[in-house]
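K.L.:
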Amino acid sequence: MTRLRTRAVPYMMVLPAIVMFTLFLLLPIAYTVYLSVRRLRVSGLGFGGGARREVGVGFANYSASLSDPELWHGALRVLLYGSIVLPVMLGLALVFALLLDSSVIRLRRFSRIAIFLPYAVPGVIATLLWGFMYLPSVSPILNVMQRLHLPQPDFLTPVAIFPSLANIAVWGGVGFNMLVLYTALRAVPRELYDAARVDGCSELQLALRVKIPLLLPAIILVSVFSIIATLQVFSEPTTLRPLTNTILSTWSPLMKVYRDALIQNDIYSAAATSVIIAAAALLLSFGFLRVVQRRAFGEMS
Amino acid sequence: MRAKFLSRAVSVILGAVLLAAAGCSSGSSGGGTSDTQAQPTPQRPVKLTFWTWVPNIGPVVKQWNSQHPEIQVTVSEQASGDELVTKVLTANKAGNPPDLFQAEYQALPTFVTNDVVADLAGPAGGAKGQFTEGTWRLVTLGTPSVYAVPQDIGPMMLYYRSDLFSKLGLTVPKTWDEFAQLARTVRAKDPKRYLTTFSSGDPGWFAGLSQQAGAQWWQVEGDSWKVNVDDQATQKVADYWDGLVSAGVIDHRPMYTPQWNKAMNDGTLLAWPSAVWGPAVLGGIAPATKGKWAIAPLPQWSASEQKTGYWGGSSTAVAAKSANKDAATKFAVWLNTDPQAVQALIKVAGVYPAATNAQSGPALQQAPAFFPGQTDFYRQAAVIANTAVGFTFGPNVNVTYQAYRDAFGKAIQQKTSFSGAAKTMLDTTLNDMRKSGFSVSG
Numbered sequence: 255m256t257r258l259r260t261r262a263v264p265y266m267m268v269l270p271a272i273v274m275f276t277l278f279l280l281l282p283i284a285y286t287v288y289l290s291v292r293r294l295r296v297s298g299l300g301f302g303g304g305a306r307r308e309v310g311v312g313f314a315n316y317s318a319s320l321s322d323p324e325l326w327h328g329a330l331r332v333l334l335y336g337s338i339v340l341p342v343m344l345g346l347a348l349v350f351a352l353l354l355d356s357s358v359i360r361l362r363r364f365s366r367i368a369i370f371l372p373y374a375v376p377g378v379i380a381t382l383l384w385g386f387m388y389l390p391s392v393s394p395i396l397n398v399m400q401r402l403h404l405p406q407p408d409f410l411t412p413v414a415i416f417p418s419l420a421n422i423a424v425w426g427g428v429g430f431n432m433l434v435l436y437t438a439l440r441a442v443p444r445e446l447y448d449a450a451r452v453d454g455c456s457e458l459q460l461a462l463r464v465k466i467p468l469l470l471p472a473i474i475l476v477s478v479f480s481i482i483a484t485l486q487v488f489s490e491p492t493t494l495r496p497l498t499n500t501i502l503s504t505w506s507p508l509m510k511v512y513r514d515a516l517i518q519n520d521i522y523s524a525a526a527t528s529v530i531i532a533a534a535a536l537l538l539s540f541g542f543l544r545v546v547q548r549r550a551f552g553e554m555s
Numbered sequence: 484m485r486a487k488f489l490s491r492a493v494s495v496i497l498g499a500v501l502l503a504a505a506g507c508s509s510g511s512s513g514g515g516t517s518d519t520q521a522q523p524t525p526q527r528p529v530k531l532t533f534w535t536w537v538p539n540i541g542p543v544v545k546q547w548n549s550q551h552p553e554i555q556v557t558v559s560e561q562a563s564g565d566e567l568v569t570k571v572l573t574a575n576k577a578g579n580p581p582d583l584f585q586a587e588y589q590a591l592p593t594f595v596t597n598d599v600v601a602d603l604a605g606p607a608g609g610a611k612g613q614f615t616e617g618t619w620r621l622v623t624l625g626t627p628s629v630y631a632v633p634q635d636i637g638p639m640m641l642y643y644r645s646d647l648f649s650k651l652g653l654t655v656p657k658t659w660d661e662f663a664q665l666a667r668t669v670r671a672k673d674p675k676r677y678l679t680t681f682s683s684g685d686p687g688w689f690a691g692l693s694q695q696a697g698a699q700w701w702q703v704e705g706d707s708w709k710v711n712v713d714d715q716a717t718q719k720v721a722d723y724w725d726g727l728v729s730a731g732v733i734d735h736r737p738m739y740t741p742q743w744n745k746a747m748n749d750g751t752l753l754a755w756p757s758a759v760w761g762p763a764v765l766g767g768i769a770p771a772t773k774g775k776w777a778i779a780p781l782p783q784w785s786a787s788e789q790k791t792g793y794w795g796g797s798s799t800a801v802a803a804k805s806a807n808k809d810a811a812t813k814f815a816v817w818l819n820t821d822p823q824a825v826q827a828l829i830k831v832a833g834v835y836p837a838a839t840n841a842q843s844g845p846a847l848q849q850a851p852a853f854f855p856g857q858t859d860f861y862r863q864a865a866v867i868a869n870t871a872v873g874f875t876f877g878p879n880v881n882v883t884y885q886a887y888r889d890a891f892g893k894a895i896q897q898k899t900s901f902s903g904a905a906k907t908m909l910d911t912t913l914n915d916m917r918k919s920g921f922s923v924s925g
């Protein structure tokens, strides 16, 4: 009796989490996959009862999504956006983490909070804030540049929109990634640094030769998170969209899903597109892990 | 002992859940059966839910509740605009839509084709005389059925800065040719100012202008839809604005942005083709310009005619799945035609009523707060409202409106033709209708 009780307790403790996971993650995902193979068929004018039926259409939604040029354009745009965001954000996070960990820094606490603070600003508010900075007639940045007689760049042209959007993501994301890397750095035993210094390492060599290799697992962790987040960029372009003519409603693949589901009332093709996006994100993140696995974890395993 | 306690706890919880579920279902069926009982007075008051976003509508509904204790209405501000459309559609799919909800005219066909709204031709048909023909067509869609009761309308008119017009020596344009000429004059006199802007973010605005030119984007022809989003009239409007934007005499940035708010406030923009609800918006975005605006009818395409279009406006619809359709219809008709109710709506909620009697009623005798000194504002508005013509909206207006935003935004950015953008709107609309299976002719 006691054996059964002790064996049952862990399962009982995990049960609420499993129930929530099933109800709010697994079931909706299963329903989405189910919806992605259905379609709504209307007949005639669409008025009157019985004019609408839901039918199974196999993979028609998937082929329609994959053959939609807007999806591929959106994917290319996101790749370009990601190629700006990922190196800049992770590079800055790494530099800040190394700086904060080194012995040459003053005002350590203040810098840590100041760099982390933008992460605490919700994405939509951050985008509205930067929207004000980008609009010529209300921007303090452009105002100052005008007074100093400097050339005023247009932040919202079709080319400049990429660094403009990337800037918002970098501004918001550096803090969190820096904190993860900094925490990983603090876990490194100090004796390693003393041994390196005894061997004649300067601070820069210490950072490059000792700290970064030890940080590699943490760097890969934040890279995978950032890749997944970047592939699903949605709130920044959507919030910036009403302010300018430059951003289409299908600028990123997830925006296309939102448009299909909630504006065009077509949840079926939206379901198919979101399954495609999820599969792509899975592929990319697992592929990335597979590539760097040996380099990062090879020595340890 | 422990296992016994656990199993007892689980059974208690399960029992409570079952009781709650049973209680929920019996509550909703109780509301339905009370209507069909043979007794003259129902046991419990009929409870109706009303999803709307009209600001401050609470006091008006309270008036009804105190006068009609047997029908009690509860207002719930779930969402506004397109979001409410999605919510109502989802609730309808789940089988429990609100009894009453606010439906914008362009969203009504979407509701009709999704079988969300009830046909009110019997109980509400008598209200037809209270509205103009243009308004009534917006809720009948050209069929014998009545799908909603019109609440407010947005006939379009021109707002202009009377102080800046006299300062720069400008005259109010009566035709669109004069308007184009005026735009050029404004740029010549002051290169920092524009007469107005063309917005790629407001499809309803463009639809209203097209209505004025005589466009018919959708028509019901027998058993199929005739779709003509880029008909002659729309192309005329598109080409007209294309000429002005590419010549640089009209601004091309979207409305309702911080930049546009500032431009309206500091006089960079001198005029605004808008609708009768303009004063409230101007008060919010351009507070420094109080008392400096005036209205005039929209410029016309030919000097001899006097027409305008609608921008926005909504109606009150009754859900087909509601258990109390008759009571809900009574309330909807009362809210939008009873003189007391409409006066209250105007006063507290600031709507411009669709009911023609109310347009010349006592609540509209003074000037709106943002236009002090223009006491004949609403008299002018009533005259303009009489000349408004709308068009039938189709079952996928959201698709068309989103296509407008994308296509015209692209056209402005890449400096391609606006009538090409209109054609893109047509193609997108047709493709979506055909994909869904609507029968489309032509």
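Chains as they are written, first to last, in my numbering: chain R, 255 to 555; chain P, 484 to 925.
C-beta: ideal position from N, C-alpha, C; glycine also.
The structure presented is a predicted model; accordingly, all values stated were derived computationally and were not measured.
(1) Restricting to Cα atoms, I'd like to know which of R:401, R:415, R:450 is closest to residue 338 (chain R).
(2) Can you tell me whether residue 490 (chain R) is helix, strand or coil according to DSSP?
(3) Work out the CA separation of residue 294 (chain R) and residue 594 (chain P) for me, nearest whole Å.
(4) Between residue 819 (chain P) and residue 791 (chain P), how many whole angstroms is the CB-CB distance? I'm expecting something under 8 Å.
(5) Which residues in the same chain have their Cβ closer than 7 Å to the Cβ of residue 720 (chain P), if we skip the five residues on either side of it in sequence?
(6) Mind listing which residues of the region 868 to 883 of chain P have their C-beta closer than 8 Å to chain R's C-betas, in chain order?
(7) By how many angstroms is the C-alpha of residue 590 (chain P) removed from the C-alpha of residue 565 (chain P)?
(8) Check whether the Cβ atoms of residue 812 (chain P) and residue 621 (chain P) lie closer than 7 Å to each other.
(9) Find the residues of chain P that neighbour residue 295 (chain R), judging by a C-beta separation of less than 9 Å, and give them in chain order.
(10) Examine chain R for any beta-carbon lying closer than 7 Å to the beta-carbon of residue 504 (chain P), and answer yes or no.
(11) Buried or exposed for residue 847 (chain P), please, with buried defined as at least 16 other CB atoms from any protein chain shown within 10 angstroms of its CB.
(12) Considering residue 585 (chain P), what are the terminal residues of the beta strand (DSSP E) in which it resides?
(13) Return the bridge partner residues of residue 635 (chain P) from the DSSP annotation.
(14) Answer yes if the region 893 to 910 of chain P comes into contact with the region 308 to 328 of chain R, meaning at least three C-beta pairs across the two stretches below 8 Å, and no otherwise.
(15) So is residue 273 (chain R) buried or exposed if we call it buried at 16+ other beta carbons inside 10 Å?
(16) Could you spell out the range, first to last residue, of the beta strand (DSSP E) harbouring residue 546 (chain P)?
(17) Assuming contact is defined by CB atoms lying nearer than 7 Å, are residue 195 (chain R) and residue 490 (chain R) in contact in what I supplied?
(18) What ranges does the beta strand (DSSP E) occupy inside the region 306 to 381 of chain R, keeping only unbroken runs of at least 3 residues that lie completely in it?
(19) Quick one, which residues of the region 707 to 733 of chain P are near chain R if we go by CB-CB under 8 Å, in chain order?
(20) Just to make sure I have the definition right: I need the residues of chain R whose C-beta is within less than 7 Å of the C-beta of residue 895 (chain P). Which are they?
(21) Using 10 angstroms around the beta-carbon of residue 735 (chain P), count the other beta-carbons present and answer buried if the total reaches 16, otherwise exposed.
(22) Please confirm if residue 740 (chain P) has its CB atom under 7 Å from at least one CB of chain R.
(23) Counting C-beta neighbours from all protein chains within 10 Å, is the total for residue 706 (chain P) 16 or more, i.e. buried, or is it exposed?
(24) For the alpha helix (DSSP H) holding residue 733 (chain P), just list the boundary residues, first then last.
(25) Can a CB atom of chain P be found closer than 7 Å to the CB of residue 386 (chain R)?
(26) Give me, in chain order, the residues of the same chain whose beta-carbon lies closer than 6 Å to that of residue 794 (chain P); leave out the 5 immediate sequence neighbours on both sides.
(27) Does residue 272 (chain R) come within less than 7 Å of chain P when only Cβ atoms are used?
(28) Mind checking the region 503 to 526 of chain R against chain P and listing, in chain order, the residues whose C-beta falls within less than 7 Å of any C-beta there?
(29) Report buried or exposed for residue 441 (chain R), applying the criterion of at least 16 other Cβ atoms within 10 angstroms of its Cβ.
(30) Which runs of the alpha helix (DSSP H), 4 residues or longer, sit entirely within the region 648 to 705 of chain P?
(31) Should residue 808 (chain P) go down as buried or exposed, given a rule of 16 or more other Cβ atoms within 10 Å for buried?
(32) Give the DSSP-derived three-state secondary structure of residue 533 (chain P) in the structure shown.
(33) Contact defined as beta carbons within less than 8 Å: I believe residue 769 (chain P) pairs with residue 747 (chain P). What is the distance between those atoms, to the nearest angstrom?
(34) Please list the segments of the alpha helix (DSSP H) lying wholly inside the region 806 to 885 of chain P, counting only runs of 4 or more residues, in order along the chain.
(35) Are the region 535 to 542 of chain P and the region 816 to 834 of chain P in contact at 8 Å, needing three or more beta carbon pairs?
(36) Alpha helix (DSSP H) containing residue 480 (chain R): first to last residue?
P.N.:
Inspection of the coordinates gives the following:
(1) The sequence position of residue 338 (chain R) within the first sequence is 84, counting from 1. Minimum Cα distance to residue 338 (chain R) is reached at R:415.
(2) Counting from one through the first sequence, the residue named residue 490 (chain R) turns up at place 236. Three-state DSSP puts residue 490 (chain R) in a helix.
(3) Against the second sequence, residue 594 (chain P) aligns to sequence position 111. Against the first sequence, residue 294 (chain R) aligns to sequence position 40. Cα to Cα, the separation comes out at about 15 Å.
(4) Taking the first residue of the second sequence as 1, we reach residue 819 (chain P) at position 336. Taking the first residue of the second sequence as 1, we reach residue 791 (chain P) at position 308. Actually they do not touch by this definition, with Cβ atoms about 22 Å apart.
(5) Stepping through the second sequence from its first residue, residue 720 (chain P) is reached at position 237. So the qualifying residues of the chain are 692, 693, 696.
(6) 878, 879, 881, 882
(7) Your numbering for residue 565 (chain P) matches position 82 in the second sequence. Your numbering for residue 590 (chain P) matches position 107 in the second sequence. In a straight line, the C-alpha of residue 565 (chain P) is about 8 Å away from that of residue 590 (chain P).
(8) To locate residue 812 (chain P), count along the second sequence from 1; it is residue 329. To locate residue 621 (chain P), count along the second sequence from 1; it is residue 138. Not a contact, by the Cβ cut-off of 7 Å.
(9) Your numbering for residue 295 (chain R) matches position 41 in the first sequence. Residues of chain P passing the Cβ test: 919, 920.
(10) The residue given as residue 504 (chain P) occupies position 21 in the second sequence. Low confidence applies here, because residue 504 (chain P) scores a pLDDT of 43, under 50, leaving its location unreliable and the question unanswered by this model.
(11) One-based indexing of the second sequence puts residue 847 (chain P) at position 364. Its Cβ being crowded by 16 or more others within 10 Å, residue 847 (chain P) is buried.
(12) Position 102 of the second sequence, counted from the first residue, corresponds to residue 585 (chain P). First-last of the beta strand (DSSP E) with residue 585 (chain P): 583 to 587.
(13) As a working note, residue 635 (chain P) is residue 152 in the second sequence. Bridge partners of residue 635 (chain P): P:797, P:836.
(14) no
(15) Locating residue 273 (chain R) in the first sequence gives position 19, counting from the first residue. The residue in question, residue 273 (chain R), is exposed, as its Cβ has fewer than 16 Cβ neighbours within 10 Å.
(16) Here residue 546 (chain P) refers to the residue found at position 63 of the second sequence. Unbroken run through residue 546 (chain P) is the alpha helix (DSSP H), 541 to 550; no beta strand (DSSP E).
(17) For chain R, the structure presents residues 255 to 555; residue 195 (chain R) sits outside this window and is missing.
(18) 306 to 310
(19) 707, 708
(20) As a working mapping, residue 895 (chain P) is identified with position 412 in the second sequence. Under the 7 Å cutoff, chain R gives 499.
(21) Against the second sequence, residue 735 (chain P) aligns to sequence position 252. Answer is buried; the Cβ neighbour count reaches 16.
(22) Stepping through the second sequence from its first residue, residue 740 (chain P) is reached at position 257. Judged by the 7 Å Cβ criterion, residue 740 (chain P) is in contact with chain R.
(23) As a position in the second sequence, residue 706 (chain P) is number 223, starting the count at 1. Classification of residue 706 (chain P): exposed, given that the 10 Å Cβ count is below 16.
(24) Counting from one through the second sequence, the residue named residue 733 (chain P) turns up at place 250. Run containing residue 733 (chain P): none; DSSP gives neither H nor E here.
(25) Looking up residue 386 (chain R) in the first sequence gives position 132. Cβ-Cβ to chain P under 7 Å: yes for residue 386 (chain R).
(26) For the purposes of this step, residue 794 (chain P) is taken as the residue at position 311 of the second sequence. If we look at residue 794 (chain P) and ignore the five residues flanking it on each side, its Cβ neighbours are 637, 639, 687, 688, 691, 758.
(27) One-based indexing of the first sequence puts residue 272 (chain R) at position 18. No, its Cβ sits nowhere closer than 7 Å to a Cβ of chain P.
(28) 503, 513, 516, 517, 518, 519
(29) Taking the first sequence and counting its residues from 1, one reaches residue 441 (chain R) at position 187. So residue 441 (chain R) counts as exposed.
(30) 659 to 672, 686 to 696
(31) Taking the first residue of the second sequence as 1, we reach residue 808 (chain P) at position 325. Buried, because 16 or more other Cβ atoms sit within 10 Å of the Cβ of residue 808 (chain P).
(32) As a working note, residue 533 (chain P) is residue 50 in the second sequence. Looking at residue 533 (chain P) - three-state DSSP - the assignment turns out to be strand.
(33) For the purposes of this step, residue 769 (chain P) is identified with residue 286 of the second sequence, where counting begins at 1. For the purposes of this step, residue 747 (chain P) is identified with residue 264 of the second sequence, where counting begins at 1. So it is a contact: roughly 4 Å between Cβ atoms.
(34) 808 to 820, 822 to 827, 839 to 842, 860 to 869
(35) yes
(36) Here residue 480 (chain R) is taken as the residue at index 226 of the first sequence, counted from 1. Looking at the DSSP string, the run of the alpha helix (DSSP H) that includes residue 480 (chain R) is 466 to 485.
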